[in-house]
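First the structure, in the form of structure tokens, and then the observations on it.
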Amino acid sequence: MNALILSAALGVIMMFSGILLKSKSAIRMLAIAGAALLLLVNLAEMNGMVLFHVNTRGMIVFDQFGLLFNTIAFACTLLYFILSGKDMEKVGNNFSDYFALIFFICCGITLTSSFKSLLILFLGIEIISIPLYILTGSDKKNLKSNEASLKYFLLGSFSTGIMLMGIALIYGTRGSFDVARLFGPGEVPSVLLMAGLLLLLFSMAFKVSAAPFHFWTPDVYDGAPTVFTSYMATVVKAAVFIAFIRLFDEGFGFLHPNWKIFFVIITVATLFIGNITAVFQQSVKRMLAYSSIAQAGFMMLALFAMNTDAKEGLLLYTTAYCLATIGIFAVLVRMKDYTFDGFNGFAKHQPLLAGVLTVFLLSLAGIPLTGGFIAKFYMLKAAMGASQGLGLLIFAVLMAAVSVYYYFRVIQAMYFKEGEENARIETSAGFRYTLVLMAALIILLGVFPNLLLGFFYF
Amino acid sequence: MIAVLLILVPLLTGLITFFIKDEKAARFWTLLSSLGTLAVSLLGLTVMKSAADLHFSAPWIQPLGTTFTVGLDGLGQVLCLLTAVSYPLVVIGTWQSSYKKASNYFALMLLAQAGLMGVFVALDALVFYFFWELALIPMYFLCSQWGGEKRIRVTFKFFIYTFIGSLLMLIGILYLQSLTPDHSFSLKSFYELQIPYNTQVWVFWLFFLAFAIKMPVFPFHTWQPDTYEQAPTGTTMILSGVMVKMGLLGLLRWILPVMPMAVDHWSYFIPALSLIGLIYASLIAIRQDDLKRLVAYSSIAHIGMMVAAVFAVNQYGFQGVMIQMFNHGINIIGLWVVVEIIERRYGTRKISELGGLALQAPVMTIFLVIIALANIALPLTNAFVGEFLMFNGLFNIQNQYYLWLTIMAGMGVILGAVYTLNMIRKVFYGEARTGLVAGGDLKWSEQLALGIIVILIFVGGVYPQWLLNITESASTELVNKMEIIRYVAKP
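The listed protein sequences derive, respectively, from chains A and B.
At the far end of the first sequence sits residue 505, using this note's numbering, and the numbering has no gaps.
At the far end of the second sequence sits residue 1425, using this note's numbering, and the numbering has no gaps.
What follows is the structure, given as structure tokens:
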């Protein structure tokens, strides 16, 4: 509850800070302080300090799982502000509004991670989506940004409509929005309920950009200003995944055998399309867009498996994925050339950044010693625990091997190819140290995942 | 404790090496570090032999059911000793070669050593997988950064190949773990498993593919000659001398005792594959003009022989393979040292452009001839003992099929003599080619490295008892384990 109220308040505060504060660095500092505060109050709530008591009539319940995810999301937001806050200045004039919108997204994230009612789920998803439409189009003079925004808005509202339709059908059969009462053991699902479930499934798959609902992703990620792509592809996607797994675990857990086959199809399609298309990209930014689809495919394994391993693993996965991707984007934003060749000779000019980027890329590829490996490992283990998962697993690891190809292309460009001067970028000491900290976190997570997993068992 | 030290010493010294910017200092530091590791390994062989000294276990990721368990048995001892011996040899043997950004080169070499040691001592499947990959990453960077012209493509092929194999192995590990009653990754629980016959037969391949790619066994070998050719020679020495043994160790430790019935099931198919590889690689080696490729194919041939002997499943075969793993490592490093010297001194590796080197470098010629004779397993050299035991193992199976396999293996050995002696004749004897700059004879460091190798060759050939002692209990245990499980499984 702390974070929910504070994030909404911070959003409003940031909106007015544009009028009250003249200097951009002051606004940025305020936003960073706000994100840190958000993280702190959420940590306080994890330890039992609830500052606001609001009767939600059981529509929102802040349990350990949701709170832990909030912590991860806010920590990533904080790191994102520190790394990329300065780059937002270049996007447009409404500097403070961008921060405000991101705080509103945080507000939506708290809702999606803790909902107990379909209504709250819908609210959360919408509160996340609408600021995103704006952020995508924030580079007003850029035609591609406008196009992306329009595309995203049209398709996004369409999928929202489908989601509402699904919720309406389910309400029609059950007479309740309560997630816990959607389907009990031993019942026979009605046709209406199944139809509603499928509609919900499709709209959620759209939001996490799972194939075959992924077509908006590359264009939107590519068209949006790179700073915002970074946030969109990481924290936001992770939040929707958390909502996804909550909905299908708590709401439709007993129907698991019925919808499992859909998840198999979606997972296979997502892994295949994401990985194979990423191989053919020439721009690193677009490659990352497809890689985010591919990674979503791996996260779908958690939904397929739907056991304790899967839920823990999903949190690990989102952490490792968000840290690595935010880090790569933070460097990418400052590059002049977004193609693979733009990274040629990067290690020579920026040995430290190249080393850090290598850690991030290795983590995304799932090489041991990084958080990415433990995360992928958890997903595989979870899917192994579910019945009939073996074929899917073998397919998933073959696709993981494909992913090595495009991640390592960046490493090859950085280290083994001669480059010109355009690989030179300006960085401050703070920027570099934050990146090093993130790389250290990833390695720490890879060697001692207990540090994060321990939260489940105390 | 010994097992942990074997990983920690190269790991920590390797990390420090990144910061030693002076090339000479970095090289000297690497030599010191590798000698330290060798000392630890010898300590484990002689003084601190108790199980408490050799084993170490600590909780690691409890929710996953994995513990950081490492330890040394006879097999591990031999391979750790090989790794520990080969590093000083590699450093001394390439003492005269100079590298760009030498600190990074040596640091990555040491990190690879840490990974290799980890693979050889790991007694927990997840730890094993961890180090299996960790050994690969430094190798990837070493080959892509300091290799020859086509290094990036070739190394990438190598990387993807092995990565696919190891991911499949990961699935195999997960599958076995899901079968264990206590959901543990420890080798002990794996050994206690009783897996149904039909399951074993296919799970076997999940593991075997990873190992087959690494060794490499015949149809999976295509990455190997290119990688050996393109990699910097120091790295090639480690790749061919030590790293291929990861696959053999995997076979002996992670497949045979866990899935004995599958080994039975495939014991006709796989030895045939590996012996086809032996003949095939030997035939190609005869036609090679590039010294590096010749040695690379010769390595495939030797590995083929070892794999076949493993599947014979008896004491002779196992012990022969374990001894041969050590000796093959020493011999092939010797060959690479000579190749490296020739290339640096004369600027070419082409056999057709070389000739009559014996006149210019008599000492080098003597060394090479001894190493080459060891490579074709002449009596009195170290490889003879291992090869003899392996033949014995294959021949001991009272079976028409294995008789033919033994004959095939014998053919391979003869072909081995053909290409090795042919190479010596063309490169060292015959007419001296014009255009070869007289480079003089060996430098002190090269003499030292080759001298040690030759001593090891003769020690291993004349008095192999110490190696036999180390491997005896391990191989007996392996045979017993397989017999028991077979007996239990087939009432």
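Cβ coordinates follow ideal geometry from the N, Cα and C atoms, glycine included.
Note that the structure is a prediction, hence the values are computed from the model and not measured.
Test: residue i CB closer than 8 Å to a CB of chain A
| i | result |
| --- | --- |
| Y1039/B | no |
| E1067/B | yes |
| L1104/B | yes |
| V943/B | no |
| P1425/B | Bear in mind that the predicted position of P1425/B carries a pLDDT of just 38, short of 50, making it too unreliable to give a figure here. |
| F1154/B | no |
| I1094/B | yes |
| I950/B | no |
| Q1079/B | yes |
| Y1397/B | no |
| L1101/B | yes |
| S1112/B | yes |
| I1086/B | yes |
is_contact[residue i, chain B] using C-beta, thresh 8 Å
| i | result |
| --- | --- |
| Q459/A | yes |
| N497/A | yes |
| P415/A | yes |
| L348/A | no |
| K150/A | Note that residue 150/A corresponds to Phe in the displayed sequence, not to Lys. No, because no Cβ of chain B sits closer than 8 Å to the Cβ of F150/A. |
| Y462/A | yes |
| V326/A | no |
| V226/A | no |
| F200/A | no |
| Y145/A | no |
| F505/A | Model confidence at F505/A stands at a pLDDT of 45, short of 50, so the residue's coordinates are unreliable; what they give is reported in the following sentence. Chain B contact via Cβ: absent. |
| K428/A | yes |
| Y453/A | no |
| L500/A | yes |
In DSSP terms, what residue i is bridged to
| i | result |
| --- | --- |
| S991/B | T1003/B |
| F112/A | Its beta-bridge partners do not exist; DSSP assigns none. |
| S330/A | T386/A |
| D225/A | S164/A |
Assumed close pair residue i, residue j - CB separation to whole angstroms, cut-off 8 Å
| i | j | result |
| --- | --- | --- |
| V1151/B | G1211/B | 6 Å |
| S54/A | T159/A | With a Cβ gap of about 13 Å, S54/A and T159/A do not count as contacting. |
| V1055/B | G1005/B | 6 Å |
| G1395/B | N1326/B | About 17 Å; that fails the 8 Å criterion. |
| Q459/A | I1086/B | 6 Å |
| E1163/B | D1224/B | 7 Å |
| F230/A | F310/A | Between F310/A and F230/A the Cβ distance is about 17 Å, and since that is not below 8 Å, they are no contact. |
DSSP three-state assignment for residue i, whether helix, strand or coil
| i | result |
| --- | --- |
| I107/A | strand |
| K1284/B | strand |
| T1028/B | coil |
| A1056/B | strand |
| D1224/B | strand |
| F1245/B | coil |
| S164/A | strand |
| D266/A | helix |
| S1118/B | coil |
| E234/A | coil |
| D956/B | coil |
| A506/A | Nothing about residue 506/A can be read from this structure; chain A reaches only from 48 to 505. |
| P944/B | helix |
| G58/A | helix |
| W1200/B | coil |
Residue i: CB within 7 Å of a non-hydrogen atom of the ligand SAH
| i | result |
| --- | --- |
| A343/A | Among the components of this structure there are no ligands whatsoever, and the ligand SAH is therefore not found. |
Min CB distance residue i to chain C below 8 Å
| i | result |
| --- | --- |
| Y1109/B | Among the chains of the structure shown, chain C does not appear; the protein chains present are A and B. |
Legend entry - Cβ-based contacts, 8 Å cut-off: residues of the segment 430-447 of chain A near chain B: M431, G432, L437, L440, I441, V444, L445 and A447
Legend entry - Cβ-based contacts, 9 Å cut-off: residues of the segment 1117-1150 of chain B near chain A: L1140
Inset, instruction - Using a Cβ-Cβ cut-off of less than 8 Å, list which residues of the segment 996-1022 of chain B approach chain A; keep chain order. - result: Q996, P997 and L998
Inset, instruction - Taking only beta carbons into account, state which residues of the segment 120-147 of chain A come closer than 9 Å to chain B, listed in chain order. - result: none
Inset, instruction - Closer than 8 Å, Cβ to Cβ, to anything on chain B: give me those residues from the segment 104-119 of chain A, in chain order. - result: none
Inset, instruction - Please list the residues of the segment 1041-1066 of chain B that have a C-beta atom closer than 9 Å to any C-beta atom in chain A, keeping them in chain order. - result: L1060, Y1063, F1064, F1065 and W1066
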